[in-house]
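Engineer:
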Amino acid sequence: MTASPLIALESVSKRYGSRTIIHELSFTVARGEIVGFLGPNGAGKTTTMRMIAGYTAASEGRVLVAGRDMATDHVDAARLIGYLPERPPLYDALDVRAYLRFVAKVKGIRRPAIAAEIERVAAACRLEQVLGDEIFKLSKGYRQRLGLAQALLGAPEVLLLDEPTAGLDPGQIQETREVIRRFGAEHAVLLSTHILAEVTLICRRVAIINGGRLLAIDSPAGLQRAVEATNQVALRVAAEPAALRAALLAVEGVRAVAIREEGGLLEVECQVDAEDGVEAAIARAVAGRFALHRLERREPTLENVFLRYVQAEPARGAAA
Amino acid sequence: MSGTLAVYQKEMATYFRSPIAYYVVAVFLLGSGYFFLYNVFLTGETAMAGTFQNMGILLVTLAPLISMRLLAAEYSGGTAELLLTLPLTPGQIVMGKFLGALTILLLITVGTMVDLIPLYLFGTPETTTILAGYIGFVLLGAACLAVGQLFSTLTHNQIVAALLAAAVLLGFWLVGHLQTFQSSPTLRGFVGYLSLSLHFTDFIQGLVRSEGVVFYLVISAIALSLSAGYLRWRR
Numbered sequence: 303m304t305a306s307p308l309i310a311l312e313s314v315s316k317r318y319g320s321r322t323i324i325h326e327l328s329f330t331v332a333r334g335e336i337v338g339f340l341g342p343n344g345a346g347k348t349t350t351m352r353m354i355a356g357y358t359a360a361s362e363g364r365v366l367v368a369g370r371d372m373a374t375d376h377v378d379a380a381r382l383i384g385y386l387p388e389r390p391p392l393y394d395a396l397d398v399r400a401y402l403r404f405v406a407k408v409k410g411i412r413r414p415a416i417a418a419e420i421e422r423v424a425a426a427c428r429l430e431q432v433l434g435d436e437i438f439k440l441s442k443g444y445r446q447r448l449g450l451a452q453a454l455l456g457a458p459e460v461l462l463l464d465e466p467t468a469g470l471d472p473g474q475i476q477e478t479r480e481v482i483r484r485f486g487a488e489h490a491v492l493l494s495t496h497i498l499a500e501v502t503l504i505c506r507r508v509a510i511i512n513g514g515r516l517l518a519i520d521s522p523a524g525l526q527r528a529v530e531a532t533n534q535v536a537l538r539v540a541a542e543p544a545a546l547r548a549a550l551l552a553v554e555g556v557r558a559v560a561i562r563e564e565g566g567l568l569e570v571e572c573q574v575d576a577e578d579g580v581e582a583a584i585a586r587a588v589a590g591r592f593a594l595h596r597l598e599r600r601e602p603t604l605e606n607v608f609l610r611y612v613q614a615e616p617a618r619g620a621a622a
Numbered sequence: 006m007s008g009t010l011a012v013y014q015k016e017m018a019t020y021f022r023s024p025i026a027y028y029v030v031a032v033f034l035l036g037s038g039y040f041f042l043y044n045v046f047l048t049g050e051t052a053m054a055g056t057f058q059n060m061g062i063l064l065v066t067l068a069p070l071i072s073m074r075l076l077a078a079e080y081s082g083g084t085a086e087l088l089l090t091l092p093l094t095p096g097q098i099v100m101g102k103f104l105g106a107l108t109i110l111l112l113i114t115v116g117t118m119v120d121l122i123p124l125y126l127f128g129t130p131e132t133t134t135i136l137a138g139y140i141g142f143v144l145l146g147a148a149c150l151a152v153g154q155l156f157s158t159l160t161h162n163q164i165v166a167a168l169l170a171a172a173v174l175l176g177f178w179l180v181g182h183l184q185t186f187q188s189s190p191t192l193r194g195f196v197g198y199l200s201l202s203l204h205f206t207d208f209i210q211g212l213v214r215s216e217g218v219v220f221y222l223v224i225s226a227i228a229l230s231l232s233a234g235y236l237r238w239r240r
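Going down the list, the sequences are from chains X and W. Just add 302 to wherever you are in the first sequence, counting from 1, and you've got the working numbering. Just add 5 to wherever you are in the second sequence, counting from 1, and you've got the working numbering.
1. State the start and end residues of the unbroken beta strand (DSSP E) segment that holds residue 363 of chain X.
2. Using DSSP bridges, identify the partner residues of residue 520 of chain X.
3. So, is the C-beta of residue 316 of chain X closer than 8 Å to a C-beta in chain W?
4. Kindly indicate the opening and closing residues of the beta strand (DSSP E) around residue 318 of chain X.
5. Check whether the region 509-520 of chain X touches the region 318-335 of chain X, taking contact to mean three or more Cβ pairs, one atom from each stretch, closer than 8 Å.
6. What residues in the region 392-423 of chain X have a beta carbon less than 8 Å from any beta carbon of chain W?
7. Leaving aside the five residues before and after residue 78 of chain W along the sequence, list all residues of the same chain whose C-beta is less than 7 Å from its C-beta, in chain order.
8. Would you say residue 128 of chain W and residue 53 of chain W are within 8 Å of each other, going by their C-beta atoms?
9. Determine the chain W residues that contact residue 466 of chain X at a beta-carbon separation under 7 Å, and present them in chain order.
10. Name, please, each residue of chain W whose Cβ falls closer than 9 Å to the Cβ of residue 458 of chain X.
11. Given this structure, state the Cα-to-Cα distance separating residue 499 of chain X from residue 76 of chain W, to the nearest angstrom.
12. Under 8 Å, CB to CB, which of the residues in the region 101-127 of chain W have a partner in chain X?
13. Does the region 22-30 of chain W come within contact of the region 176-184 of chain W, defined as at least 3 CB pairs closer than 8 Å?
14. Within 10 Å of its beta-carbon, does residue 580 of chain X have 16 or more other beta-carbons around it, so buried, or fewer, so exposed?
15. Could you give the C-beta distance for residue 48 of chain W and residue 171 of chain W, rounded to a whole number, given that I count them as a contact under 8 Å?
16. Under three-state DSSP, which class holds residue 371 of chain X?
17. Decide if the region 392-411 of chain X is in contact with the region 99-112 of chain W; the criterion is three or more beta carbon pairs, one per stretch, under 8 Å apart.
18. Is there a C-beta anywhere in chain X that falls below 8 Å from the one on residue 153 of chain W?
19. By Cβ distance below 8 Å, which residues in the same chain neighbour residue 320 of chain X in space, the five residues on each side in sequence not counted?
20. So, does the region 342-359 of chain X touch the region 383-391 of chain X, judging by three or more C-beta pairs under 8 Å?
21. Give the straight-line distance between the Cα atoms of residue 40 of chain W and residue 113 of chain W, rounded to the nearest whole angstrom.
22. Is there at least one Cβ from chain X nearer than 8 Å to residue 11 of chain W's Cβ?
23. Would you say residue 356 of chain X reaches chain W, if we count a Cβ-Cβ gap shorter than 8 Å as a contact?
24. When you compare the CB of residue 92 of chain W with every CB in chain X, is at least one pair closer than 8 Å?
25. Does the beta carbon of residue 74 of chain W sit closer than 8 Å to a beta carbon anywhere in chain X?
26. Going along chain X in order, which residues have a C-beta closer than 9 Å to the C-beta of residue 3 of chain W?
27. Would you say residue 444 of chain X lies against chain W (beta-carbon separation less than 8 Å)?
28. Compare the C-beta of residue 321 of chain X against all C-beta atoms of chain W and say whether one is closer than 8 Å.
29. Measure the CB-CB distance between residue 61 of chain W and residue 145 of chain W and report whether it falls below 8 Å.
30. So does the region 345-352 of chain X actually touch the region 223-235 of chain W, counting three or more Cβ pairs closer than 8 Å?
31. What span of residues does the beta strand (DSSP E) with residue 339 of chain X cover, start to end?
32. So is residue 158 of chain W in contact with chain X if we call contact Cβ pairs under 8 Å?
33. Output needed for residue 21 of chain W: all residues of its chain with C-beta closer than 8 Å, excluding positions within five of it in sequence on either side, in chain order.
34. Compare the beta carbon distance of residue 596 of chain X and residue 547 of chain X with 8 Å and say whether it is the shorter of the two.
35. Less than 8 Å between CB atoms is the rule here; does residue 611 of chain X satisfy it with respect to chain W?
36. What is the residue span of the alpha helix (DSSP H) that residue 3 of chain W lies within?
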């Protein structure tokens, strides 16, 4: 990371009336970095994005974009920001080219350069076919890509993307991620999402937020470990605990076993590797020797990942 | 200035892709045309005074339909998040939108001038009186649009914005009638000064008084400043 980050949040809080939405959030994004902003719905991602974009002001703390304080210099800072809100902000009555021309003019792109700039972002977002179409006729995928295109106009220093791949098909998601990856090589990108795979694929760091609080800033590898740790197989078995534990730990892919007794049966949670087939191996190992009442595979969920960060690493957020 | 111009151009591009603008212009021109024919044939005078009076009432009720979408549509359509995060000051946003609405008003004004053709063909109207009436009409319209824009800035709902603006404007149009019930000269003067219609009557009669001009300009400036101030505050 460089000494002067392009995005810096310093103990930022946001209150609406007596309700605090964001609690003392601090993190930075440097040039050349793509930072994933991961959290479930209602975690505070959109509010934080809006504060960085200048749509709403922080109640406490400072939001700095390229060294400019968003509380006092937000109009000046806005020239350096490309922002795609959660809902693409499109004027349905305009055609695609007129819309991009409007945004380009307001961003201060010089008149002779506007046409070339529109062509550039249209090519990057695969909008060439619809440049003359009215926006209300566009499909959801095109609307999302048009939202991204307006954010890319003028090659801003800072790109804020709130759920940029929502509504796109798998092919479009791949293309959009490639656009973001290329752009992020020379700019600062903050990417909000609730899709785990998205951040692990394209981000250098991941800021994990829940309930308006930053839980941790981790690497995608660290996040991947947390995800894998939430791979579980749950069983309900009639057995002697020590023998059952030994049998389960002997199965390849089982990393840890937690056993508790409930109603005369054993409730068992096995931490397992992500590979398929582990539950079948467990079933084979258990069914022959013990009375197996129930077996289920629990897929990793965001909530479980967050719980893991809350339980295992409560202090890491402060270090971010 | 370029930001204001960009917002203005966007407004003009979107206005005429919405049926509301066509509706308002058509209703106004039909209404004013009817009043013109009625007044001229009823009085037999080649004057616009009666027509201007009716045009004023029509303007007070229809201007909120022009202004209702200015900010309310941006909020409800999600585009406010773009507009308020682009490098634009609240003042540029408010002025760009106001100038767009004012252009619609000027188009309406030009449209009503068709009525003048038979007036000049078959009579000898007083040009200066008609000119004063049109100046008053544009100033009154500007004040109505600025007040309408203020209500559009305050709410996400276009219908609510139009209804509130129409109620307030009609209140200020009719407030002059309260003069009849005032015995105190000060209160009579005050109520009269607040009246949109009494100032307009001066213009219709050919009197372009600085008091009337300042009144409409101050109303417009206050409403536009409050709109910009609200946009600043809501951050």
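Cβ coordinates follow ideal geometry from the N, Cα and C atoms, glycine included.
Structural biologist: In this structure, then:
1. 362-367
2. X/508
3. no
4. 309-318
5. yes
6. 392, 393, 394, 395, 396, 400, 404, 405, 407, 408, 409 and 410
7. 163
8. no
9. In chain order: nothing, as chain W lies at least about 15 Å away.
10. Per Cβ cutoff of 9 Å: no residues; residue 458 of chain X is ~10 Å from chain W at best.
11. 38 Å
12. none
13. no
14. buried
15. 29 Å between Cβ atoms; not a contact.
16. strand
17. no
18. no
19. none
20. yes
21. 15 Å
22. yes
23. yes
24. yes
25. no
26. Here chain W has residues from 6 to 240 only, and residue 3 of chain W is not among them.
27. no
28. no
29. yes
30. no
31. 336-340
32. no
33. 27
34. no
35. no
36. Residue 3 of chain W falls outside the range modelled here, since chain W spans only 6 to 240, and no answer is possible.
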